[in-house]
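In the numbering used here, the protein residues as written are 2 to 367.
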């Protein structure tokens with residue numbers, strides 16, 4: 002077999018970048034001499050994270066649609082034209098066997114350019130409600146890898162393969178790590194542990210709800226691992242001042258496997274990768290979806306699990322009023338926690354990156 006050449010495009014958030022890297026790693030395991038080129042959006046975090054993972058990346062000057070009235074939207078047509086021209090040049094020079102889109106600004110121009118050049122294309126749709134770019138691309142791609150049932154309402158049925166979402170394997174490998182986790186976070190073995198996660202920047206509504214519920218949580222003897230995100234960290238430090246050492250505040254948690262392993266209950270946003278990780282670690286969760294996410298996809302992701310009794314959902318606008326009380330009630334209910342954990346386990350799809358890698362290699366070798 003000749004050396005494969007694969008372009009992977011997309012990014013903008015960790016939820017797109019890390020799955021893209023996981024797919025590349027899985028392909029490389031199967032075809033060691035594969036040559037990769039990532040294509041991202043200039044100024045976005047993929048331009049830093051992809052090289053850190055050992056892959057080459059080039060950027061397009063693409064921007065997304067601003068959902069509020071913004072002068073930036075006037076630049077969009079120009080940016081699209083320039084990005085498409087650059088994407089065509091990238092395709093012509095790199096000559097990939099397959100172009101893969103994982104979502105994010107750069108996917109559209111790059112995959113469109115690949116399709117016009119007759120290159121095989123594959124998209125990975127992470128959410129239960131397909132994004133606009135993927136819906137447009139889906140009519141012409143060769144393969145569509147999805148994580149949820151019922152996606153034929155968005156895409157041609159004969160192109161769909163249910164693979165699940167790629168997650169970093171080290172994040173969901175939690176077996177036998179609870180004792181180490183308790184030492185790492187300096188936790189009390191006799192108290193229930195609540196884990197709060199809301200992405201790298203932080204979830205304002207969740208953080209505000211937790212800050213206002215600290216006295217209740219302390220009284221209920223619940224200890225807290227609180228990932229605040231960058232923007233709320235200082236506020237959280239002030240809110241927890243004088244409350245005691247049962248609140249473990251972190252701007253960002255790198256060893257998420259340890260955090261997951263020791264959590265009795267998780268509170269989280271409902272981005273596709275967060276949902277996929279929580280399903281694989283089988284942890285009971287209260288989702289507080291971000292309402293401003295495109296097409297309200299976080300709420301739709303969470304509702305899939307809620308319908309299966311695998312999770313609970315509190316709306317963003319109700320978090321400050323309801324979240325603290327619901328945490329205390331649920332974390333004391335051992336039977337409900339066990340049922341939620343079992344249902345989470347039923348919904349998990351493992352080895353997603355490997356399955357997607359197999360589809361990419363099949364397209365490349367046809």
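We put the CB at the ideal spot given by N, CA and C, even for glycine.
The beta carbon of residue 27 sits closer than 8 Å to the beta carbons of 167, 354, 355, 357 and 358 from its chain, once the five residues preceding and following it are set aside; these are given in chain order.
Straight-line measurement puts the Cα of residue 24 at about 17 Å from the Cα of residue 161. Looking only at 332, 57 and 121, the smallest Cα-Cα distance to residue 367 is reached by 121.
By the 16-neighbour rule on beta-carbons within 10 angstroms, residue 322 is exposed. If you draw a straight line from the Cα of residue 84 to the Cα of residue 238, it comes to about 43 Å.
Exposure of residue 318 is indicated by the presence of fewer than 16 other C-beta atoms within 10 angstroms of its C-beta.
The beta carbons of residue 38 and residue 98 sit no closer together than 7 Å.
In summary, residue 326 is exposed, with fewer than 16 beta-carbon neighbours lying within 10 Å of its beta-carbon over all protein chains present. With contacts defined as CB atoms closer than 7 Å, residue 11 and residue 103 qualify as a contacting pair. Less than 7 Å divides the Cβ of residue 257 from the Cβ of residue 172.
Comparing alpha carbon positions, the residue from 169, 32 and 324 closest to residue 352 is 169. Between residue 268 and residue 287, the gap from beta carbon to beta carbon is short of 7 Å. Separation of residue 54 and residue 46 (C-alpha to C-alpha, rounded to the nearest whole angstrom) is 13 Å. The straight-line gap separating the alpha-carbon atoms of residue 241 and residue 314 is approximately 25 Å. Here residue 216 has no same chain residue with a Cβ atom under 7 Å from its own Cβ, once five neighbours each way along the sequence are excluded.
Cβ neighbours of residue 365 within its own chain (closer than 6 Å, five residues either side excluded): 5, 98 and 99.
With a cutoff of 7 Å on beta-carbon distance, residue 108 and residue 302 are scored as not near each other.
Around the Cβ of residue 145, a 10 Å sphere holds 16 or more other Cβ atoms; the residue is buried. Per DSSP, reduced to three states, the secondary structure at residue 144 is strand.
The criterion of a C-beta distance shorter than 7 Å is not satisfied by residue 276 and residue 228.
In this structure, residue 194 keeps its C-beta atom at 7 Å or more from the C-beta atom of residue 222.
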